[in-house]
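Each residue of the sequence shown is one higher than the one before, counting from 1 in the UniProt record's numbering.
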Amino acid sequence: MAAKPPPAPPGEKKKKPPRPGPPPPPPPVATAALVARVAAAKVFGLWPSSALAGLQPVWTTEAGRGKLTLDLSASKRDLPKEPEQHAQLLDLVQAEIDALVSSNAPITVAEATRADTEKAFGDPITPLYDGGKPPKNSKPDDVVRVASLAGFAVDATALPVASSASGPIQLIGRTSDNPKKKPETMVLLAGKKKQLSLKFSTQSTEASAAVPSGNMTQAASASQQAHRALSLTPLVAAQPKVVPRSSEAETEDEGEMVVDPWAVEGKIDYSKLVEKFGSQLLTPSLLERLGALAAKNGMRLHRFFRRGIFFSHRDLAKILDAAENRKGLYLYTGRGPSSAAMHLGHLVPFLMTQWLQAALGVPLVVQMTDDEKFLWKGEYDEKKGAYDLDRFRLLTRENAKDIIACGFDLDKTFIFSDCDYMGHMYPNVCRIWKSITYSTARAAFGFEGSSNVGQSAFPAIQAAPSFPSSFRIPLSKCGPRPDDACCLIPCAIDQDPYFRVTRDVAHKIAPKSHPLRGKPALVHSKFFPPLQAVWKSTSEFGYPEKYCRASVNLHAIELPQLQGALGKMSASNTDSAVFLTDSDDEIRRKIMTHAFSGGRETAKLQRELGADLEIDVAYQWLRFFLEDDEELDAIGKSYGSGQGPYWNTAAVKERLVVELQKLVRAHKARRDVLTDSDVDAWMAVRALGAPY
């Protein structure tokens with residue numbers, strides 16, 4: 001039996017023993033708290049540690065839950081007063097959380113003494129500590145633990161965080177059933193009080209904390225850079241009233257990189273872009289493996305890979321594992337039917353996909369989104385008393401001929417109309433609808449009050465082909481377990497964030513035996529820097545600009561536009577692009593007259609300085625369409641130096657004209673012989689040939 005404490009001396013009150021503090025959060029809750037703080041920092045422009053006003057130990061009574069309170073006084077944003085826009089801000093925080101979790105963003109933990117830590121972070125030190133103040137009674141030789149996530153360093157001395165942003169993590173308590181009680185997740189602006197409350201739940205099963213392995217000096221440097229960028233990073237275009245505060249820094253750095261589905265602006269730093277999105281660079285070893293697989297089918301690594309046009313990926317290594325071991329694998333791309341002829345910007349992703357099919361010997365599904373086109377472009381005819389849905393279904397068949405003419409393999413290609421094939425995909429569409437909250441969809445896809453119900457529901461239809469169970473008949477020969485087949489999607493790097501919505505819920509759709517837990521793999525392409533010519537990334541699905549979201553058939557590359565800064569590549573301006581219906585004479589006229597030149601003002605200057613290859617449309621287009629690496633290199637050296645056979649713009653344009661005429665003629669020849677019966681064969685629901 002334990003001894004009783006001695007009685008208090010006469011005249012003194014008995015002292016109560018100090019009440020023990022709450023237990024530390026378990027690693028899943030600690031990790032979720034870190035992810036939520038970093039997400040809020042990115043949305044509100046905060047220092048994630050100094051903004052922390054409190055972490056409530058909700059986990060002691062509600063397993064897997066926690067609640068943060070953050071001080072918004074130092075926010076770099078102009079905070080709106082309207083409750084509707086507060087909801088938009090919370091949507092953005094949730095979207096940032098989802099992005100960190102879906103990319104499994106790494107968390108690095110560093111330890112050092114308080115003295116060494118403060119030395120690494122420099123003055124002011126307040127942003128380092130929770131609440132902006134060093135812990136009470138702390139000493140210079142006390143150990144400080146800092147966790148770094150997405151470049152942001154956070155005081156994690158009392159947080160046993162895991163080694164990555166695992167999840168899912170969901171904000172909860174955004175509404176209150178009791179009108180007298182405030183919601184537990186909300187933005188509070190009352191007088192001088194500016195607070196953000198975030199109650200969250202996590203289903204992560206991560207059981208252990210990360211082992212310290214990071215460098216404190218590197219963590220401090222990265223965090224300072226990340227915080228400096230906060231004042232320069234605007235919120236997404238879907239929230240036009242939630243804008244960053246104006247600052248001299250923003251004015252001085254108009255070239256700040258902006259990459260999202262609405263715009264590609266500024267000088268693009270692909271290393272930073274890969275770091276931001278959490279994807280991985282294509283390595284020589286991966287390209288060597290892909291080239292070896294292509295060689296087995298008598299093919300060479302595609303010029304898009306050889307020239308670094310495709311440069312980043314998600315899970316390509318697992319795709320190559322599947323191909324090398326002859327496991328189930330298929331490709332997915334698509335197109336929104338259009339009355340306009342395809343131009344070269346439309347052709348490029350299909351060239352890439354056709355090469356991948358031939359090089360890997362795998363099936364391909366091509367989604368024709370006649371339903372999506374109708375939902376965005378359809379009209380009601382008052383005289384006929386009907387909608388024009390059938391028009392888009394007819395256009396689907398005509399556009400299918402453009403795709404077939406790209407050289408795909410009939411035995412391994414299934415082209416389908418959403419309107420015709422929906423019954424086969426509908427069970428997966430329902431599962432996806434059930435898995436994605438409307439707040440997540442609104443934040444990710446930019447839907448507004450004016451969006452019709454079909455538009456809000458369409459992303460699930462677009463996501464469904466990512467899962468092989470949507471093709472029980474076409475992919476029935478795709479390995480011993482067709483539902484375990486892996487999916488590979490080529491797309492532009494700016495579209496990567498919106499495939500995360502599909503990847504986030506994939507584990508709920510695919511069987512546990514799937515090698516990627518159902519997640520589609522991606523290979524990403526670059527775009528051109530916006531120098532003197534306009535470069536524009538758009539959705540081939542035909543979304544309005546603000547809805548330009550996770551389309552699998554986005555332009556893998558958007559070509560530089562012919563008319564430079566004043567031109568726009570579009571079907572309505574026929575001189576802004578080369579179409580697959582153009583004659584030889586039209587191609588020559590457009591290139592020679594309209595292609596933006598990087599050549600100098602005079603022949604003398606051109607001879608002395610050479611051309612600026614980066615902004616020269618003719619040379620850049622040759623990088624896409626000229627197969628011979630040695631010839632391209634020779635043209636670049638000659639034109640760039642102003643010496644040799646291609647010293648001037650006219651010679652380079654002439655070489656491009658010849659190449660484009662040959663390409664367009666070949667495509668037209670293949671398309672012209674296609675009949676309606678041929679289209680029926682490509683669109684028939686049938687078992688495709690087995691991979692390999």
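Ideal Cβ placement from N, Cα and C applies to all residues, glycine included.
Practice prompt. Note down, in chain order, each residue of its chain lying with its Cβ closer than 6 Å to the Cβ of ASP483, except the 5 sequence neighbours on either side.
Written response: Here the question's residue 483 lines up with position 483 in the sequence shown. Excluding sequence positions up to five before and after ASP483, its CB lies within less than 6 Å of the CB of PRO468, SER469 and PRO511, all in the same chain and listed in chain order.
Worksheet item: Rounded to a whole number of angstroms, what is the C-alpha to C-alpha distance between ILE172 and THR205?
Response: For the purposes of this step, residue 172 is identified with residue 172 of the sequence shown, where counting begins at 1. For the purposes of this step, residue 205 is identified with residue 205 of the sequence shown, where counting begins at 1. Answer to the nearest angstrom: the Cα atoms are 19 Å apart.
Item to complete: Look at the alpha carbon of SER285 and the alpha carbon of ALA292, and state the distance between them as a whole number of angstroms.
Response: Here the question's residue 285 lines up with position 285 in the sequence shown. Here the question's residue 292 lines up with position 292 in the sequence shown. Taking the Cα positions, SER285 is about 10 Å away from ALA292.
Discussion item. I need the straight-line Cα distance from GLY167 to ARG600, nearest angstrom please.
Written reply: Here residue 167 is taken as the residue at index 167 of the sequence shown, counted from 1. Here residue 600 is taken as the residue at index 600 of the sequence shown, counted from 1. GLY167 and ARG600: Cα-Cα distance of roughly 55 Å.
Practice prompt. Can you check DSSP and say which residues form a bridge with SER417?
Written response: Here residue 417 corresponds to residue number 417 of the sequence shown, with the count starting at 1. Bridge partners of SER417: MET368.
Discussion item. Does the contact criterion of 3 or more C-beta pairs under 8 Å hold for the stretch 50-57 versus the stretch 66-74?
Written reply: They touch, by the three-pair rule.
Worksheet item: In whole angstroms, what separates the C-alpha of LYS373 from that of ASP390?
Response: Here residue 373 refers to the residue found at position 373 when the sequence shown is read from its first residue. Here residue 390 refers to the residue found at position 390 when the sequence shown is read from its first residue. Computed Cα separation, rounded: 11 Å.
Worksheet entry | Cβ neighbour criterion (16 or more within 10 Å) applied to SER246 | Taking the sequence shown and counting its residues from 1, the one referred to as residue 246 is at position 246. For SER246, the pLDDT reaches just 35, beneath the cut-off of 50, and the residue's location in the model is therefore unreliable, although a value from the coordinates is still provided. It counts as exposed.
Discussion item. Within 10 Å of its beta-carbon, does ARG665 have 16 or more other beta-carbons around it, so buried, or fewer, so exposed?
Written reply: Working through the sequence shown from its first residue, we reach residue 665 at position 665. It counts as exposed.
Discussion item. According to DSSP, is HIS667 part of a helix, a strand, or is it coil?
Written reply: Reading the sequence shown from its first residue, position 667 is the one you call residue 667. In the structure shown, HIS667 sits in a helix (DSSP, three-state: H, G or I).
Worksheet item: Since ALA32 and LEU159 are thought to touch, with beta carbons under 8 Å apart, how far apart are those beta carbons, to the nearest angstrom?
Response: Here residue 32 refers to the residue found at position 32 when the sequence shown is read from its first residue. Here residue 159 refers to the residue found at position 159 when the sequence shown is read from its first residue. Cβ atoms of ALA32 and LEU159 stay farther apart than 8 Å, at about 10 Å.
Discussion item. Is there a C-beta anywhere in chain B that falls below 8 Å from the one on PRO497?
Written reply: Absent from the structure is chain B; it holds one protein chain and no more.
Practice prompt. Could you round the C-beta distance between CYS478 and TYR387 to whole angstroms and report it? I think they count as a contact, below 8 Å.
Written response: Within the sequence shown, the letter at position 478 stands for residue 478. Within the sequence shown, the letter at position 387 stands for residue 387. Your pair CYS478 and TYR387 does not check out as a contact, with CB atoms roughly 37 Å apart and the cut at 8 Å.
Discussion item. I need the DSSP call for LYS401, collapsed to helix, strand or coil.
Written reply: Counting from 1 along the sequence shown, the entry for residue 401 is found at position 401. Helix.
Practice prompt. Alpha carbon to alpha carbon, how far is ARG472 from residue 745? Give it in angstroms, no decimals.
Written response: Nothing about residue 745 can be reported from this structure: the residues present for the chain run from 1 to 692 only.
Fill in: Bridge partners - GLN56, DSSP secondary structure assignment
Counting from 1 along the sequence shown, the entry for residue 56 is found at position 56. Paired residue(s): LYS67.
Worksheet item: So THR202 packs on SER148, CB below 8 Å; how close in whole Å?
Response: Reading the sequence shown from its first residue, position 202 is the one you call residue 202. Reading the sequence shown from its first residue, position 148 is the one you call residue 148. In this structure THR202 is not in contact with SER148, their Cβ atoms being roughly 20 Å apart against a cut-off of 8 Å.
Item to complete: Specify the secondary structure class of PRO160 as computed by DSSP and reduced to three states.
Response: The sequence position of residue 160 within the sequence shown is 160, counting from 1. If DSSP states are grouped into helix, strand and coil, PRO160 belongs with coil.
Item to complete: Indicate the three-state DSSP secondary structure (helix, strand or coil) for PRO482 in the structure shown.
Response: The count along the sequence shown starts at 1 and reaches residue 482 at position 482. In the three-state DSSP reduction, PRO482 falls in the helix class (H, G or I).
Worksheet item: Starting from MET155 and walking both ways along the beta strand (DSSP E), at which residues does that stretch end?
Response: The residue labelled residue 155 in the question sits at position 155 within the sequence shown. Looking at the sequence shown, residue 155 is not Met but Asp. Per DSSP, ASP155 belongs to the beta strand (DSSP E) from 152-155.
Item to complete: Tell me whether ASP315 sits in a helix, a strand or coil according to DSSP, three-state version.
Response: Start at 1 with the first residue of the sequence shown, and residue 315 comes out as number 315. In the structure shown, the three-state DSSP call for ASP315 is coil.
Fill in: Contact set for THR353: own chain, Cβ-Cβ below 7 Å, skip 5 residues either direction
Position 353 of the sequence shown, counted from the start, is the residue given in the question as residue 353. The answer, listed in chain order, is LEU331, THR333, LEU364 and PRO490.
Worksheet item: Between ILE592 and ALA521, what straight-line distance do the alpha-carbon atoms span, to the nearest angstrom?
Response: If you number the sequence shown from 1, residue 592 lands on position 592. If you number the sequence shown from 1, residue 521 lands on position 521. Checking the sequence, you will find Met at residue 592 rather than Ile. When only Cα atoms are considered, MET592 and ALA521 end up about 40 Å apart.
Worksheet item: Going by Cα to Cα distance, which pick from ASP680, PHE527, LYS508 and ALA120 is closest to PRO427?
Response: Numbered from 1 along the sequence shown, position 427 holds the residue referred to as residue 427. Closest in C-alpha terms to PRO427, from the list ASP680, PHE527, LYS508 and ALA120, comes LYS508.
Item to complete: Measure the Cβ-Cβ separation of HIS86 and ALA405 and say whether it is below 8 Å.
Response: Locating residue 86 in the sequence shown gives position 86, counting from the first residue. Locating residue 405 in the sequence shown gives position 405, counting from the first residue. Cβ atoms of HIS86 and ALA405: not closer than 8 Å.
Worksheet item: Between LEU663 and VAL617, what straight-line distance do the alpha-carbon atoms span, to the nearest angstrom?
Response: For the purposes of this step, residue 663 is taken as residue 663 along the sequence shown, with counting starting at 1. For the purposes of this step, residue 617 is taken as residue 617 along the sequence shown, with counting starting at 1. Rounded to the nearest angstrom, the two C-alpha atoms are 17 Å apart.
Practice prompt. Spell out the partners DSSP gives SER525 in its beta bridges.
Written response: On the sequence shown, residue 525 is found 525 positions in, with the first residue counted as 1. When beta bridges are read from the DSSP output, SER525 appears opposite PHE310 and ALA492.
Worksheet item: Should the stretch 81-99 be called in touch with the stretch 109-123, which here means at least 3 C-beta pairs below 8 Å?
Response: Short answer: they don't touch.
Worksheet item: Taking the alpha-carbon positions, what's the ASN178 to GLU184 distance?
Response: For the purposes of this step, residue 178 is identified with residue 178 of the sequence shown, where counting begins at 1. For the purposes of this step, residue 184 is identified with residue 184 of the sequence shown, where counting begins at 1. Going by the C-alpha atoms only, they are around 11 Å apart.
Item to complete: Could you check the C-alpha separation between ASP676 and PRO497 for me, to the nearest Å?
Response: Here residue 676 is taken as the residue at index 676 of the sequence shown, counted from 1. Here residue 497 is taken as the residue at index 497 of the sequence shown, counted from 1. In a straight line, the C-alpha of ASP676 is about 38 Å away from that of PRO497.
Discussion item. Taking the straight line between their C-alpha atoms, what separation do you get for PRO26 and PHE200?
Written reply: In the sequence shown, the residue the question calls residue 26 occupies position 26. In the sequence shown, the residue the question calls residue 200 occupies position 200. Rounded to the nearest angstrom, the two C-alpha atoms are 14 Å apart.
Fill in: Pick from ALA341, LEU656 and ARG306 that is closest to LEU626, judged by C-alpha positions
Stepping through the sequence shown from its first residue, residue 626 is reached at position 626. Measuring from the Cα of LEU626, the nearest candidate turns out to be LEU656.
Discussion item. Quick check on DSSP: helix, strand or coil for TYR129?
Written reply: Reading the sequence shown from its first residue, position 129 is the one you call residue 129. DSSP, reduced to helix, strand and coil, places TYR129 outside both helices and strands of the structure shown, so it counts as coil.
Worksheet item: Are the stretch 276-285 and the stretch 312-319 touching, with three or more C-beta to C-beta distances below 8 Å?
Response: They touch, by the three-pair rule.
Worksheet item: For ALA209, which residues from the same chain have a beta carbon less than 6 Å from its beta carbon, with the 5 sequence-adjacent residues on both sides left out?
Response: Stepping through the sequence shown from its first residue, residue 209 is reached at position 209. So the qualifying residues of the chain are PRO27 and PRO160.
Worksheet item: If we count the other Cβ atoms within 10 Å of its Cβ and call it buried at 16 or more, is ALA533 buried or exposed?
Response: Your numbering for residue 533 matches position 533 in the sequence shown. For ALA533, the predicted structure reports a pLDDT of 47, less than 50, and the residue's modelled location is therefore unreliable. A value from the coordinates is still provided. Its Cβ being crowded by 16 or more others within 10 Å, ALA533 is buried.
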